[in-house]
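Remarks on the structure that follows.
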Amino acid sequence: ITQNTALFTIFGATGDLAHRKLYPSLFRLYKKGFIRDNFAVIGTARREWTDAYYHEVVLDSIKDLIEDPEEAKKFASHFYYLSHNVTDSAHYVHLKDLSEKLDKKYDLQGNRLFYLAMAPEFFGIIAERLKLEGLITTDGFNRLIIEKPFGRDYESADQLNKQLRRSFEENQIFRIDHYLGKEMVQNISAVRFSNMIFESLWNNKYIDNVQVTLSETVGVEDRGGYYDNNGALRDMVQNHILQIVALLVMEPPLSLKGEDIRNEKIKALRSLRLYDTPEEVNRNFIRAQYAGNAEEGLVGYREEPNVNPESITETFVAGRIQVDNFRWKGVPFYIRTGKQLASKETYIHIQFKHVAMNIFPTENVSEVAEPNVLTIHISPLEGFSLRLNAKRVGQGTEMKNIHMHHIYDEDTQLNSPEAYERLLLDCLNGDPTNFSHWDEVSQSWHFVDRIRKVWDEQDASSGSLFEYESHTMGPKESDELLAKDGFHWNQFN
Ligand code: BG6
Numbered sequence: 002i003t004q005n006t007a008l009f010t011i012f013g014a015t016g017d018l019a020h021r022k023l024y025p026s027l028f029r030l031y032k033k034g035f036i037r038d039n040f041a042v043i044g045t046a047r048r049e050w051t052d053a054y055y056h057e058v059v060l061d062s063i064k065d066l067i068e069d070p071e072e073a074k075k076f077a078s079h080f081y082y083l084s085h086n087v088t089d090s091a092h093y094v095h096l097k098d099l100s101e102k103l104d105k106k107y108d109l110q111g112n113r114l115f116y117l118a119m120a121p122e123f124f125g126i127i128a129e130r131l132k133l134e135g136l137i138t139t140d141g142f143n144r145l146i147i148e149k150p151f152g153r154d155y156e157s158a159d160q161l162n163k164q165l166r167r168s169f170e171e172n173q174i175f176r177i178d179h180y181l182g183k184e185m186v187q188n189i190s191a192v193r194f195s196n197m198i199f200e201s202l203w204n205n206k207y208i209d210n211v212q213v214t215l216s217e218t219v220g221v222e223d224r225g226g227y228y229d230n231n232g233a234l235r236d237m238v239q240n241h242i243l244q245i246v247a248l249l250v251m252e253p254p255l256s257l258k259g260e261d262i263r264n265e266k267i268k269a270l271r272s273l274r275l276y277d278t279p280e281e282v283n284r285n286f287i288r289a290q291y292a293g294n295a296e297e298g299l300v301g302y303r304e305e306p307n308v309n310p311e312s313i314t315e316t317f318v319a320g321r322i323q324v325d326n327f328r329w330k331g332v333p334f335y336i337r338t339g340k341q342l343a344s345k346e347t348y349i350h351i352q353f354k355h356v357a358m359n360i361f362p363t364e365n366v367s368e369v370a371e372p373n374v375l376t377i378h379i380s381p382l383e384g385f386s387l388r389l390n391a392k393r394v395g396q397g398t399e400m401k402n403i404h405m406h407h408i409y410d411e412d413t414q415l416n417s418p419e420a421y422e423r424l425l426l427d428c429l430n431g432d433p434t435n436f437s438h439w440d441e442v443s444q445s446w447h448f449v450d451r452i453r454k455v456w457d458e459q460d461a462s463s464g465s466l467f468e469y470e471s472h473t474m475g476p477k478e479s480d481e482l483l484a485k486d487g488f489h490w491n492q493f494n
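In case it helps, the UniProt record's numbering puts the sequence shown at residues 2 to 494.
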């Protein structure tokens, strides 16, 4: 284990993300020795907090992880708080002074990581000021970590990117997509490229369709204001889903180096068919809103706090993505995601074609041969399963569908690093593999913007916004999308 040396400056240190994810992840890295003596954290936000109070907050956020209280106290002593108004240039002077002081105290060698855990409208201004006010060092590394949303369409993302690029080079910008930090998302390439039985079949000759499901049981909770302005297409499809699709679609990279993988992902995203006309969009993508569930006392989306009572923002999206390249032409990639669905689960089904001729009995039997399906379980289960056919034990030739599972046990899962922990360490190591490159972000917006534009031009009366009862798997139109092609959402996992 190499000890890393860096000053973390967290903008938005009083916020939910810092409390829920960043402090615990830093503590995990600390316990494992990835950061130890030579690190410090400056937390900034508007509120007036003292260092002592900040330490209490940090300790509270890691309380479930503490084994040795002395160790935890020592960890918290590396944290410093500075009340900061991001638009006031005078405040950056204090920030610079404190940064230099800590750099000396902890021997940080000018290595700086700026984490913007706050509303995106401030990303540009912070990046600009960091440079203008001399917070970027010349003797160490300087890296900027930002969270989505990265724009709300291509235009705004491009504008934001240009603003960031005035202070940071592309290779200094780490755009977080926390799905890329998940164990099983990182495992997609491993299972694809190290198994002959999959690598050799990974194309349109042998694969019938691919299904990607990211379902959630929660509604919009207290994020109504944010969510109503965005919707599921921007919140989940533009980033997480298209990143997963890119990993499934891409050609084998030359190596596992960040740059090699990115090049392939960018090519993959460029090969997704863009839907331009309303007919194409409506044929391939559907949107819906949850309508509540009286039995369970759940209200409909439009009755949620901070949601416009006439909102036509979608809380569910299902779509058919088509990949126009040599490997994938003709194989639909079905995707779906939504709030208040029946389960909180993320999984991918790769459904193979059926054998050309079935010689086994199909009548008066309880099971018939079914297509092989490889399932990649991303969460809460982590692992793989494979559906195969075999003969039922006994006389005759009746079929039995077999599920082979390799699901990581609880201990393994518990010891597996959290997404944010992995990503923070990658960033410390300067490894961009599991972050979104600007070319990926921009290409994803091109795909999503066209769909959005068609939807925005169709008002509520157009009949293109469907409803679903809460805690079901979405509207019937989502099933019809697959039925039109002779498929259905695989129910098992
Ligand atoms: C976030 C979305 O990016 O991902 C949330 O903004 C969503 O709306 C969350 O709930 C889901 O992440 P996970 O890791 O819980 O599947």
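Glycine included, C-beta positions come from ideal geometry on N, C-alpha and C. These figures come from a predicted structure and were not determined experimentally.
Taking C-beta atoms as the reference points, L30 and I11 fail to come closer than 9 Å.
In the three-state scheme derived from DSSP, where H, G and I count as helix and E and B as strand, H56 is classed as helix. Pairing N326 with S272, the inter-Cα distance amounts to about 6 Å. Per DSSP, the unbroken beta strand (DSSP E) holding V318 starts and ends at 317–322.
Taking 8 Å as the cut-off, one finds no heavy atom of the ligand BG6 near enough to the beta carbon of R37. Rounded to the nearest angstrom, the Cβ distance from P254 to I262 is 5 Å, consistent with a contact under 8 Å.
H241 has its CB nearer than 8 Å to a heavy atom of the ligand BG6.
DSSP places E265 within a helical segment (H, G or I) once states are collapsed to three. With a cut-off of 8 Å on Cβ pairs, the region 396–407 is not in contact with the region 231–239, counting fewer than three such pairs.
DSSP places G331 in the coil class of the three-state scheme, outside both helix and strand. Taking the Cβ of H179 as the reference point, at least one heavy atom of the ligand BG6 falls within a distance shorter than 8 Å. Counting along the chain, M185 sits inside the alpha helix (DSSP H) bounded by residues 184–194. Each of T376, N390, K354 was checked against the Cα of V369, and the nearest Cα belongs to N390. In summary, M119 is buried, with 16 or more beta-carbon neighbours lying within 10 Å of its beta-carbon over all protein chains present. In this model, K392 and P362 are separated by some 11 Å (Cα to Cα). Exclusion of the five residues before and after H95 leaves L83 as the residues of its chain whose Cβ lies within less than 7 Å of its Cβ. Where E346 is concerned, the enclosing beta strand (DSSP E) starts and stops at 346–353.
Annotated as proximal: A319 and Y335, with beta-carbon spacing under 9 Å. The Cβ neighbour count for T347, taken over all protein chains shown within 10 Å, is at least 16; the residue is labelled buried. Assignment of alpha helix (DSSP H) within the region 460–493, counting only whole runs of 4 or more residues, yields 477–484 in chain order.
The beta carbon of Q352 sits closer than 6 Å to the beta carbons of D209, N210, P372, V374 from its chain, once the five residues preceding and following it are set aside; these are given in chain order.
Remark: fewer than three beta-carbon pairs, one from each stretch, lie closer than 8 Å, so the region 406–426 and the region 439–450 are not flagged as touching. Around the beta carbon of I360, fewer than 16 other beta carbons lie within 10 angstroms, which makes this residue exposed.
Taking all protein chains shown into account, H404 has fewer than 16 neighbouring C-beta atoms within 10 Å of its C-beta and is therefore exposed. Relative to the non-hydrogen atoms of the ligand BG6, the Cβ of L23 never comes closer than 8 Å to any of them. Taken atom to atom, the span from the alpha-carbon of G339 to that of E134 is near 43 Å. Within the same chain, and ignoring the five residues on either side of A73 in sequence, the residues whose Cβ sits closer than 7 Å to its Cβ are L60, I63, I67. Proximity of the beta carbon of E217 to the ligand BG6 is indicated: a heavy atom of the ligand is located closer than 8 Å. Of the candidates Q323, D104, K33, T3, the residue whose Cα lies closest to the Cα of F40 is D104. Within the chosen limit of 8 Å, the ligand BG6 does not reach the beta carbon of R288 with any heavy atom. Scanning the region 125–184 for uninterrupted alpha helix (DSSP H) segments of 4 residues or longer gives 155–166, listed from N- to C-terminal end. Judged by DSSP secondary structure, N285 falls within the alpha helix (DSSP H) whose first and last residues are 279–285. In the DSSP annotation of this structure, the continuous segment of the alpha helix (DSSP H) that includes K102 starts and ends at 90–107. Residue range 374–380 is occupied by the beta strand (DSSP E) that includes L375.
The closest heavy atom of the ligand BG6 lies less than 8 Å from the beta carbon of Y228. Straight-line spacing of the CA atoms in H20 and G13 works out to 10 Å.
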